[in-house]
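Chemist:
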Amino acid sequence: MLSRRTFLKTGAATAASALAMPALAKSGPVKIGYVSPQTGPLSGFAAADAYVVESFIKTAKAQGVDVEVIVKDSQSNPNRAAEVARELIVRDEVNLICVASTPETTNPVCTIAEAEEVPVISSVAPWQPWFIGQQGNPADPASWQEFEYVHHFFWGLEDNVKVFMNMWDMIDSNKSVGALWPNDGDGNAWASDQGMPPALAGAGYSLTDTGRYQNLTDDFSAQINAFKQNDVQILTGIPIPPDFTTFWTQSKQQGFNPKMVSVAKALLFPESVAALGELAHNLTCEVWWSPMHPFSSSLTGQSCADLAGEFEDYAGRTWTQPLGFVHGLFEVAMDAIKRADDPTDGDEMAELIGATNLDSAVGKIQWGRDNVPPFAQANVSKTPLVGGQWRMQDDGSFDLVIVENGLAPEIALTGSLEMLN
9 MLSRRTFLKT GAATAASALA MPALAKSGPV KIGYVSPQTG PLSGFAAADA
59 YVVESFIKTA KAQGVDVEVI VKDSQSNPNR AAEVARELIV RDEVNLICVA
109 STPETTNPVC TIAEAEEVPV ISSVAPWQPW FIGQQGNPAD PASWQEFEYV
159 HHFFWGLEDN VKVFMNMWDM IDSNKSVGAL WPNDGDGNAW ASDQGMPPAL
209 AGAGYSLTDT GRYQNLTDDF SAQINAFKQN DVQILTGIPI PPDFTTFWTQ
259 SKQQGFNPKM VSVAKALLFP ESVAALGELA HNLTCEVWWS PMHPFSSSLT
309 GQSCADLAGE FEDYAGRTWT QPLGFVHGLF EVAMDAIKRA DDPTDGDEMA
359 ELIGATNLDS AVGKIQWGRD NVPPFAQANV SKTPLVGGQW RMQDDGSFDL
409 VIVENGLAPE IALTGSLEML N
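Each number in our numbering corresponds to the 1-based position in the sequence shown with 8 added.
(1) Using DSSP bridges, identify the partner residues of Glu2.
(2) By Cβ distance, which residues of its chain are closer than 7 Å to Asn387, with the 5 residues on each side in sequence left out?
(3) Is it the case that the Cβ atoms of Ala272 and Cys293 are separated by a distance below 8 Å?
(4) For Pro249, which of helix, strand or coil comes out of DSSP?
(5) Using a Cβ distance threshold of 8 Å, determine whether the segment 179-194 contacts the segment 414-421, with at least three qualifying pairs required.
(6) Where does Val370 sit, in a helix, a strand or coil, going by DSSP?
(7) Starting from the C-beta of Leu331, find all residues in its chain whose C-beta is less than 6 Å away, skip the five residues before and the five after it, and write them out in chain order.
(8) Residues in its own chain within less than 7 Å of Tyr59 by CB, not counting five upstream and five downstream?
(9) Please go through the same chain and pick out, in chain order, the residues whose beta-carbon is closer than 8 Å to the beta-carbon of Lys390, but skip the five residues on each side of it.
(10) So, Leu291 versus Leu307, is the Cβ gap smaller than 8 Å?
(11) For Lys183 and Ile410, I'd like the C-alpha separation in whole angstroms.
(12) Just to confirm my understanding: we take Met204, look at its own chain, exclude 5 residues before and 5 after, and list those with CB closer than 6 Å. What are they?
(13) Please classify Asp194 as buried or exposed, where buried requires at least 16 other C-beta atoms within 10 Å of its C-beta.
(14) Who are the near neighbours of Leu215 in its chain, counting only those whose CB is closer than 7 Å to its CB and skipping five residues on each side?
(15) Quick one: any contact between the segment 93-110 and the segment 120-134, if contact means 3 or more CB pairs under 8 Å?
(16) Could you tell me whether the segment 336-356 touches the segment 98-109, using the rule of 3 or more Cβ pairs below 8 Å?
(17) By the 10 Å Cβ neighbour count, where 16 or more other Cβ atoms means buried, how is Lys80 classified, buried or exposed?
(18) Here's the rule: buried if 16 or more other CB atoms are within 10 angstroms of the residue's CB, otherwise exposed. What is Glu122?
(19) Cα-Cα, which of Gly210, Pro302, Gln222 is closest to Pro250?
(20) For Thr216, which residues does DSSP report across the bridge?
(21) Answer yes or no: do Leu224 and Lys260 have a C-beta to C-beta separation smaller than 8 Å?
(22) For Phe383 and Met357, I'd like the C-alpha separation in whole angstroms.
(23) Can the beta-carbon of Lys37 be found closer than 8 Å to that of Val61?
(24) Does Met175 pass the burial test, meaning 16 or more other C-beta atoms within 10 Å, or should it be called exposed?
(25) Taking 7 Å as the limit between beta carbons, can you name the residues of its chain near Glu279, skipping five residues before and five after?
(26) Would you call the CB atoms of Ser298 and Leu366 closer than 8 Å?
(27) Measuring alpha carbon to alpha carbon, tell me which of Cys312, Leu425, Ala341, Ile361 ends up nearest Lys267.
(28) If we count the other Cβ atoms within 10 Å of its Cβ and call it buried at 16 or more, is Thr364 buried or exposed?
(29) When you compare each of Met342, Lys39, Trp398 to Ala70 by their alpha carbons, which one comes out closest?
(30) Thinking Phe255 and Gly395 are a contact (beta carbons under 8 Å), I'd like their distance in whole angstroms, please.
(31) Between Phe64 and Ala282, what straight-line distance do the alpha-carbon atoms span, to the nearest angstrom?
(32) To which residues of the same chain is Phe117 closer than 6 Å at the C-beta, ignoring the five residues directly before and after it?
(33) Distance, Cα to Cα, Tyr213 vs Thr113?
(34) Any chance you could list the alpha helix (DSSP H) runs of at least 4 consecutive residues sitting entirely within the segment 63-148, in chain order?
(35) Looking at the structure shown, is Asp343 part of a helix, part of a strand, or coil, going by DSSP?
(36) Who pairs with Asn365 in a beta bridge, going by DSSP?
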């Protein structure tokens with residue numbers, strides 16, 4: 009069966025295409041929906057949203073592009089994410105959707121939009137839980153299908169695993185790793201054969217995996233006891249921020265003191281780290297974006313440092329990693345809008361997004377490159393990843409120091425790795 013986009017490439021579309029008007033000559037704005045978890049346990053991912061959307065609308069107006077951005081809150085809930093995606097498509101009649109932050113938000117939105125043939129630009133979720141999680145049979149790679157309307161840019165689990173292991177190889181340990189993986193899209197992906205276990209085994213690390221736990225768990229005694237019994241010296245995982253705060257506080261109370269902690273997601277945000285106080289000193293995490301990254305915005309020309317500084321002035325708070333990627337979503341959107349004959353034509357926009365070749369605030373965004381497996385090339389564009397360590401300053405604040413850059417040497421180191429103990 010021909011997709012709608014494929015059908016429109018045939019002669020049947022000739023009459024309709026003849027009526028297309030130049031992008032900036034069409035009446036009415038290009039309507040962009042934006043979905044992210046602005047409330048709930050994942051709300052830290054949305055801290056820069058208001059700034060980015062306001063800045064994007066101002067910049068678009070200055071560049072003579074008429075846009076409207078309709079913002080929706082997923083409430084950190086996959087069902088709500090799907091619901092607001094339908095609202096944007098059916099009630100608001102958006103021409104394009106941008107979506108960010110964890111598979112619990114990106115996946116439902118992209119699944120709905122793909123079915124409704126509405127173009128989507130997605131980010132801030134590792135590509136495996138994003139792409140594989142939307143397949144009908146995730147366990148059968150032979151059945152996986154490329155998407156036509158949704159495109160995603162971010163790094164993959166293989167990158168995060170490599171960054172973490174590069175940091176662990178810098179210290180003297182018994183190579184015993186404990187995993188804190190929740191029962192959600194990220195946790196299940198990390199624990200799978202597409203995630204960390206095969207890489208650990210191949211590098212001579214042993215793994216203590218206590219199984220998937222439910223988000224917002226209030227007692228991690230079972231996990232802590234297992235880690236102590238197996239002399240775990242390296243802790244990893246991908247918990248939501250409140251769960252790691254609970255776990256790490258209980259760990260210190262119960263005498264679990266690993267040499268290295270490398271946790272994704274929960275340690276991304278300054279406020280989550282600050283909530284731990286001195287317990288956060290020398291904890292490590294992945295770093296997808298920072299003021300130190302050597303990239304510039306295609307939308308405003310700002311450097312990463314300039315973008316972070318403007319956000320801090322606007323919000324009165326420290327920069328946050330999702331800032332660069334939420335900004336990047338709108339960079340891609342504007343780039344496609346400017347290249348379109350009719351940016352309200354979803355099929356044309358999907359084609360143009362897929363043909364993106366953009367140097368952005370988060371690095372190169374270009375689908376079809378060979379840095380991801382073939383089944384995902386048309387829909388995934390990977391961005392660089394490095395490793396960072398949180399350092400407590402004399403005034404009690406925290407600085408994120410880049411201590412590992414093996415996969416992205418263009419991003420300069422700003423410090424050396426230190427052990428917890």
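We put the CB at the ideal spot given by N, CA and C, even for glycine. Computed from a prediction, not measured in an experiment: that's the story for all the values here.
Modeler: The short version:
(1) Residue 2 is absent from the structure shown; the chain starts at 9 and stops at 429.
(2) Phe139, Glu154, Phe155, Val158, His159, His160, Trp375
(3) yes
(4) helix
(5) no
(6) coil
(7) Ala56, Phe319
(8) Phe319, Tyr322, Ala323
(9) Trp135, Phe161, Phe162, Trp163, Gly164, Asp167, Arg377, Asn379, Val380
(10) no
(11) 23 Å
(12) Val169, Trp198
(13) buried
(14) Val185, Ala187, Pro205, Leu208
(15) yes
(16) yes
(17) buried
(18) buried
(19) Gln222
(20) Gly186
(21) no
(22) 22 Å
(23) Note that residue 37 is Pro in the sequence shown, not Lys. Not in contact: Pro37 and Val61 (Cβ atoms no closer than 8 Å).
(24) buried
(25) Gly52
(26) no
(27) Leu425
(28) buried
(29) Met342
(30) Their Cβ separation, rounded to whole angstroms, is 21 Å, which puts Phe255 and Gly395 out of contact at 8 Å.
(31) 30 Å
(32) Per the sequence presented here, residue 117 reads as Val, with Phe not at that position. Closer than 6 Å at the Cβ level, and outside the excluded window around Val117, lie Val43, Ala89, Ala93, Val107.
(33) 33 Å
(34) 86-94, 111-124, 135-139
(35) helix
(36) Gln374
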